[in-house]
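Residue numbers for the sequence shown follow our numbering, so the first one is 10 and each next one is one higher. Ideal placement from N, C-alpha and C gives every residue a C-beta, glycine not left out. Notes for the one structure printed next.
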Amino acid sequence: MTDAPTAPPQPGPQTAPPQDIRIGVIGVGKMGADHVERISRRTKGARVSVISDYMRETAEKVSATAPGSRVVDTPEEVITADDVDAVLIASPGQFHREQVLAAIAAGKPVLCEKPLAMNPTDAYDVVRAEHETGRSYVSLGFMRRFDTGYGELKDALEAGELGTPLLLNCKHRNASTPPGFDNTMMVYDSAVHEIDAISFFLEEPVVSVQTIAARSTENAPEGLSDPMLLLFRTASGTVVTDELYVNTKAGYEVRTELVGSKGSATVGLEIGRVTTQQAGGSWGGSVPLDFRPRFIDAYDAEVQAWVTAVADGTNVAPRSATAWDGYVGAAVCEAAERSLSADGAVEVALQERPH
Ligand code: ISE
Numbered sequence: 010m011t012d013a014p015t016a017p018p019q020p021g022p023q024t025a026p027p028q029d030i031r032i033g034v035i036g037v038g039k040m041g042a043d044h045v046e047r048i049s050r051r052t053k054g055a056r057v058s059v060i061s062d063y064m065r066e067t068a069e070k071v072s073a074t075a076p077g078s079r080v081v082d083t084p085e086e087v088i089t090a091d092d093v094d095a096v097l098i099a100s101p102g103q104f105h106r107e108q109v110l111a112a113i114a115a116g117k118p119v120l121c122e123k124p125l126a127m128n129p130t131d132a133y134d135v136v137r138a139e140h141e142t143g144r145s146y147v148s149l150g151f152m153r154r155f156d157t158g159y160g161e162l163k164d165a166l167e168a169g170e171l172g173t174p175l176l177l178n179c180k181h182r183n184a185s186t187p188p189g190f191d192n193t194m195m196v197y198d199s200a201v202h203e204i205d206a207i208s209f210f211l212e213e214p215v216v217s218v219q220t221i222a223a224r225s226t227e228n229a230p231e232g233l234s235d236p237m238l239l240l241f242r243t244a245s246g247t248v249v250t251d252e253l254y255v256n257t258k259a260g261y262e263v264r265t266e267l268v269g270s271k272g273s274a275t276v277g278l279e280i281g282r283v284t285t286q287q288a289g290g291s292w293g294g295s296v297p298l299d300f301r302p303r304f305i306d307a308y309d310a311e312v313q314a315w316v317t318a319v320a321d322g323t324n325v326a327p328r329s330a331t332a333w334d335g336y337v338g339a340a341v342c343e344a345a346e347r348s349l350s351a352d353g354a355v356e357v358a359l360q361e362r363p364h
């Protein structure tokens, strides 16, 4: 009798390795290219699969840095591609409404850089379209919500450590502005970050805003009111100050102080390292030149949290800005801009939140 042949080892129960989320990126200028690099090198569970940019050559160049990605001609092709599970939009703001609506129609989660739209009506269209699907699809790229300092301030507020918020004082400084930067952009591009901070920290509507143009620095381009001060009042009476100064020639500084009934706290002082210089008899640390070094960890955390939310089907990460936040931001920006030529504060009118 011959021995029965030994049966080949049977594989045990197998679980398929989790698939990477395949991300389509629309617009690969400075911000979009930065996201492609982040997703390709530092984000777990995702890869860039399809890219488009109105400059095809730029798209090709960026695609060469993202293994396995391909370039298509239009944003629509990115959104509808079979090998795209989720869409990241980093195109100029005037295209966001159409592109976000197309992603919702395709049933794909989308992370859209701010702003959601260039006016409240367009932004509300997105809120309604998403609401009609009965699901969440839209995350809005307000990266400060993922900054460690912002997170700690939010935690302190939620834990009641600071008591009732009385004042929120914000400072927003840039070294310089790009060509064509005007008062409208100062509101919709720069102040919009602090307007979102109001939604994030205070979670209540702004009822009025007053924009005050200070004497301009000689470093500002003709016609730009730089510095500019915005004063907001919320429904419960908390006052928010936003001092914008975007041609300091120094660097990128974002500071936030919450004054509450039990105490106050400030984030963004950059006092991690203090250097004493012998030669000049002065002291200080270095100021980052632009948003990238200042908020790189926040952007990494934001994109990672989004990918995790897409993978678990919730699509929008906890603490992320939503389509509603984008709509509120657009409504407040619109009032802030009107206030520039009005005498005094302008009221903010919000549509009802669909539920
Ligand atoms: C720019 O668009 C940004 O989003 C930056 O974070 C902000 O500091 C700058 O003022 C804006 O123009």
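Fill in: Alpha carbon of A310 to alpha carbon of I48, nearest angstrom
Cα-Cα distance, rounded: 11 angstroms.
Item to complete: Please specify which runs of the alpha helix (DSSP H), each continuous and at least 4 residues long, are wholly inside the segment 21-81, giving them in chain order.
Response: For the alpha helix (DSSP H) assignment, the uninterrupted runs of no fewer than 4 residues enclosed by the segment 21-81 are, from N- to C-terminal side, 39-50 and 65-72.
Item to complete: Using DSSP bridges, identify the partner residues of H181.
Response: Its beta-bridge partners are L253 and V263.
Practice prompt. Determine the extent of the alpha helix (DSSP H) in which G150 is found, giving its start and end residues.
Written response: Bounds of any alpha helix (DSSP H) do not take in G150; it lies within the beta strand (DSSP E) bounded by V147 to G150.
Worksheet item: Helix, strand or coil for P84 per DSSP?
Response: Correct three-state label for P84: helix.
Item to complete: Could you say which of V59, A132, A75 and P363 lies nearest to G33 if we only look at CA atoms?
Response: The residue with the shortest Cα to Cα distance from G33 is V59.
Worksheet item: Within the present structure, is the beta-carbon of T275 separated from the nearest heavy atom of the ligand ISE by less than 8 angstroms?
Response: For T275, the shortest C-beta to heavy atom distance toward the ligand ISE is 8 angstroms or greater.
Item to complete: Spatial neighbours of T52 within its chain, please: CB distance less than 6 angstroms, with the 5 preceding and 5 following residues excluded, ordered by chain position.
Response: Correct list, in chain order: V312, Q313 and V316.
Discussion item. According to DSSP, simplified to helix, strand and coil, what is Q219?
Written reply: Residue state, collapsed to three classes: strand.
Worksheet item: Closest by CA to V201, which one among M40, V215 and P76?
Response: Checked all of M40, V215 and P76; the closest Cα to V201 is V215.
Discussion item. R153 and D205 - do their beta-carbons sit closer together than 9 angstroms?
Written reply: A distance below 9 angstroms separates the beta carbons of D205 and R153.
Worksheet item: Where DSSP assigns a beta bridge to I204, which residues make up the other side?
Response: Paired residue(s): none; I204 is not in a bridge.
Practice prompt. Have a look at D191 and E346 and give me their C-alpha separation to the nearest angstrom.
Written response: Looking at the two C-alpha atoms, the distance is approximately 11 angstroms.
Worksheet item: From this set, S78, V196 and A344, which residue's C-alpha is nearest A358's C-alpha?
Response: For A358, the nearest C-alpha among the options comes from A344.
Worksheet item: Just reading off the beta strand (DSSP E) that A274 is part of, what are its end residues?
Response: Looking at the DSSP string, the run of the beta strand (DSSP E) that includes A274 is S273 to V276.
Item to complete: Pull up the DSSP beta-bridge partners for M237, would you.
Response: DSSP, once it has assigned bridges, lists A222 and L253 as partnering M237.
Discussion item. Quick check: the Cα distance between D306 and T89, rounded to an integer number of angstroms?
Written reply: Computed Cα separation, rounded: 31 angstroms.
Discussion item. Below 8 angstroms, how does it come out for the segment 246-260 and the segment 155-172: are there three or more Cβ pairs, yes or no?
Written reply: Contact between the segment 246-260 and the segment 155-172 is absent: fewer than 3 CB-CB pairs across the two stretches fall below 8 angstroms.
Discussion item. Can you tell me which residues fall inside 5 angstroms of the ligand PLP, judged by beta-carbon distance to its nearest heavy atom, and keep chain order?
Written reply: Among the ligands present in this structure, namely the ligand ISE, the ligand PLP is not found.
Worksheet item: In three-state DSSP terms, what is G143?
Response: Coil at G143, not helix or strand.
Discussion item. Let me make sure I understand the geometry here. Which of L175, Q360 and T67 has the alpha-carbon closest to that of A42?
Written reply: Of the residues L175, Q360 and T67, the one whose Cα lies closest to the Cα of A42 is T67.
Worksheet item: Quick one: Cα of H105 to Cα of P124, how far?
Response: Rounded to whole angstroms, H105 to P124 spans 8 angstroms at the Cα level.
Worksheet item: Which two residues bound the contiguous alpha helix (DSSP H) that contains E227?
Response: No alpha helix (DSSP H) holds E227; DSSP gives it neither H nor E.
Discussion item. Alpha carbons only, please: which of V81, H364, L211 and L240 is nearest the one belonging to I221?
Written reply: The option with the nearest alpha carbon to I221 is L240.
Worksheet entry | Distance between beta carbons of A229 and D299, contact taken as under 8 angstroms | About 17 angstroms separates the two Cβ atoms, so there is no contact after all.
Worksheet item: From the DSSP output, which residues share a beta bridge with T331?
Response: According to the DSSP secondary-structure assignment, T331 is paired through a beta bridge with S148.
Discussion item. With a threshold of 7 angstroms on Cβ separation, who are the neighbours of D29 within its own chain once the five nearest residues in sequence on each side are excluded?
Written reply: Correct list, in chain order: G54, A55 and R56.
Worksheet item: What residues are listed by DSSP as bridge partners for L97?
Response: For L97, which the question treats as bridged, DSSP gives the partners V34 and L120.
Worksheet item: Start and end of the alpha helix (DSSP H) containing F300?
Response: DSSP places F300 inside the alpha helix (DSSP H), whose first and last residues are F300 to A320.
Worksheet item: Should V96 be flagged as near chain D, meaning a C-beta pair shorter than 9 angstroms?
Response: No chain D is part of this structure, which consists of one protein chain only.
Item to complete: Would you check if the segment 323-331 and the segment 175-182 touch, i.e. whether three or more CB-CB distances between them fall below 8 angstroms?
Response: No, they do not touch.
Item to complete: Have a look at M194, P236, A112 and P129 and flag the residue whose alpha-carbon is nearest the alpha-carbon of P84.
Response: Nearest C-alpha to P84: A112.
Discussion item. I believe A332 touches V135 by the beta-carbon criterion, under 8 angstroms. Please report the beta-carbon distance rounded to the nearest angstrom.
Written reply: A332 to V135, Cβ: 5 angstroms. Contact.
Worksheet item: Ordered along the chain, which non-local residues of its own chain (more than five positions away) have a Cβ less than 8 angstroms from that of S199?
Response: Its chain contains H181, N183, L253 and V255 as the residues whose beta carbon lies nearer than 8 angstroms to that of S199, once the 5 sequence neighbours on both sides are disregarded; these appear in chain order.
Worksheet item: With G150 and E122 assumed to form a contact (beta carbons below 8 angstroms), what rounded beta-carbon distance in angstroms separates them?
Response: About 4 angstroms separates the two Cβ atoms, so the contact holds.
Item to complete: Determine the direct distance from the alpha carbon of R362 to that of F209, and round the result to whole angstroms.
Response: Near 17 angstroms, if we compare the C-alpha coordinates of R362 and F209.
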